[in-house]
Structures are given as structure tokens and as C-alpha cells.
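1 is the number of the first residue of the sequence shown in our numbering; add one for each residue after it. Think of the CB as a built atom: it goes at the ideal place given N, C-alpha and C, for glycine as much as any other residue. Note that the structure is predicted; figures quoted are calculated from it, not measured.
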Amino acid sequence: MARKDSSTPAPAKKRRWYHQLWDVFQMTRKSDPAVTWWILGSFLGVVALGVLVGFLLNPGMLWYFVVLAIPFGLLAAMFILSRRAEKAAYGRIEGQPGAVSAALGTIRRGWSIEEQPVAVDPRTQAMVFRAIGKPGVVLVGEGGSRGVQQRLLEGERKRVLRLIPEVPVHLIQSGREEGQVPLPGLVKALRKQKGNLTKLEVAEVSKRLAALAKLQMPMPKGVDPMRARPDRKAMRGR
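Given below as C-alpha cells:
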């Protein structure tokens with residue numbers, strides 16, 4: 001019988017859902033110490049409500065209402081934890097380069113999200129990220145002042161409209177200044193846009209804009225970007 005090789009590393013233990021839940025709680029508590037009291041308060045509040053309802057409706061079956069209230073109390077606690085954890089996560093990344101990309105990445109369905117910025121201002125490090133969904137093309141600015149973001153967004157909108165003039169293009173500035181959308185409200189702002197395209201049209205727009213990434217280098221005036229071919233050697237730094 002072959003001997004078991006002692007040098008073979010033991011397989012990593014599978015993490016259970018409650019381990020992950022504990023990690024989320026610990027991570028959230030570091031930046032939001034009050035989360036413990038929010039969770040306990042929501043759980044005990046729902047259970048107390050169940051006791052009150054049971055006492056008023058049928059005191060003899062009070063235990064039944066308590067048992068029934070416990071799962072709802074747990075659901076309330078999980079809801080509070082998820083919301084506080086989301087708020088803490090946004091608080092850690094807000095103001096950092098690429099925070100908009102991370103926020104847009106939480107959208108699961110119905111959108112095509114570009115992970116990399118589609119436009120960058122080298123001087124101010126302001127960036128523009130692009131999302132494509134049923135509302136059309138949504139360009140989101142990040143970093144820099146309001147004026148810098150607006151100029152960068154307008155420049156990108158012109159490039160998009162030259163390629164797909166029939167598709168609506170929406171501009172959103174992210175930030176804490178007046179008229180801007182804070183990072184935690186960014187996804188909600190996208191979803192509030194009215195739908196204009198079908199799923200097939202969203203896919204088609206995504207394919208057509210994929211060519212735009214090859215044309216991000218500044219083009220001389222009068223040059224049609226649809227006919228221009230990028231210098232691949234120059235793009236590779238040769």
C-alpha cells in the first residue's frame with residue numbers, strides 16, 4: 001500500500017455561511033461600532049412586537065407568537081447588518097480612484113459595465129466610467145472638480161454620439177459637491193433612469209462601443225474615428 005505523502009498540504013476547510021457572516025460583522029464593526037446595538041435592537045424589537053401581538057390576541061398561545069417572531073427578528077437583524085455593511089464598505093472606498101467602478105460592479109443584471117475608465121484627465125486624475133443598460137449609455141464622472149468632471153463627461157459624450165447618435169447618453173457626476181451624486185446613491189441614480197432600449201439593443205450598443213476603446217487616443221480634427229485605425233505599435237510603446 002502506498003504511503004501517504006506527508007508533504008502534501010491538507011485541503012483547505014470549506015468556510016460555512018456563518019463564518020462569512022461573522023467576517024462581515026467584524027469588518028463592519030471596525031468602522032461602525034454601533035452596528036451591534038442596531039442588530040440587537042432590531043431583533044429584540046421584532047420579538048417584543050410578537051409578544052405584544054400574542055398578548056393582545058391570545059395570551060394562552062403567547063409562546064406560539066414568540067416562536068413565530070424569532071425568525072422575523074433574525075431577518076430584520078440580517079437586513080440591518082447588510083445595510084450597515086454596505087454603508088461601511090462605501091465609506092472605505094469613497095474618494096479613492098476607481099471607487100465608481102467598484103460601486104457600479106454591484107449591479108448584477110441588465111447592465112454592461114466597463115471596469116476600466118473610458119476617459120482620464122492626467123492632470124487631475126478625474127475619470128469617466130461607462131455603463132450601458134436599458135436607459136441607454138450612462139457616463140459617470142469621478143474625481144476632480146465639478147467643472148473638470150463636466151468637461152470630461154461632455155467630451156466622452158461627443159465621442160459616443162458620433163458612433164451611436166440614436167442612443168440616449170446620460171451624464172452623472174459622483175461626489176459630495178452640490179449637484180453630484182454621493183457614491184452610496186450611485187446605483188440608485190442609474191436605476192432611476194427611464195428605460196429606452198431592449199435587451200438586444202443593449203447588447204448591440206455594447207458591441208458597437210467596444211470599438212470605441214480602440215479610439216481613445218486624441219484624434220485630429222476632421223478625422224472620422226469610424227475609419228481611423230489605431231497605431232498598434234505606438235499603443236504598445238514601441
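Residues near residue i in its chain [Cβ-Cβ closer than 8 Å; skip 5 each side]
i: Q125; result: P97, G143 and G144
Cβ-based neighbour list, residue i, same chain, cut-off 6 Å, excluding 5 preceding and 5 following
i: A85; result: V24 and T28
i: R171; result: According to the sequence displayed, residue 171 carries Leu and not Arg. Answer for L171: L139 and L153, listed in chain order.
Proximity below 7 Å, CB of residue i to CB of residue j
i: R157; j: V148; result: no
i: V128; j: P117; result: yes
i: W111; j: A89; result: no
i: E177; j: R146; result: yes
i: Q173; j: G195; result: no
i: G50; j: V66; result: yes
i: A103; j: L183; result: yes
i: V167; j: V137; result: yes
i: I107; j: A99; result: no
i: W38; j: I80; result: yes
i: A69; j: V46; result: yes
First through last residue of the beta strand (DSSP E) which encompasses residue i
i: E142; result: G136 to E142
i: M127; result: M127 to G133
i: Q173; result: V169 to Q173
Bridge-paired residues (DSSP) for residue i
i: V187; result: Bridge partners of V187: none, in fact.
i: V160; result: Answer is none; V160 lacks a bridge partner.
i: V181; result: S174
Limits of the unbroken alpha helix (DSSP H) element including residue i
i: L197; result: Note, L197: premise wrong, no alpha helix (DSSP H); not H, not E.
Residues of its chain near residue i, where Cβ-Cβ distance is below 7 Å and the 5 sequence neighbours each way are ignored
i: F43; result: G73, L74, A76 and A77
i: L161; result: V169
Completely contained alpha helix (DSSP H) runs for the segment 32-120, where each covers 4 or more residues | Here the runs fully enclosed are 35-57, 62-93 and 99-104.
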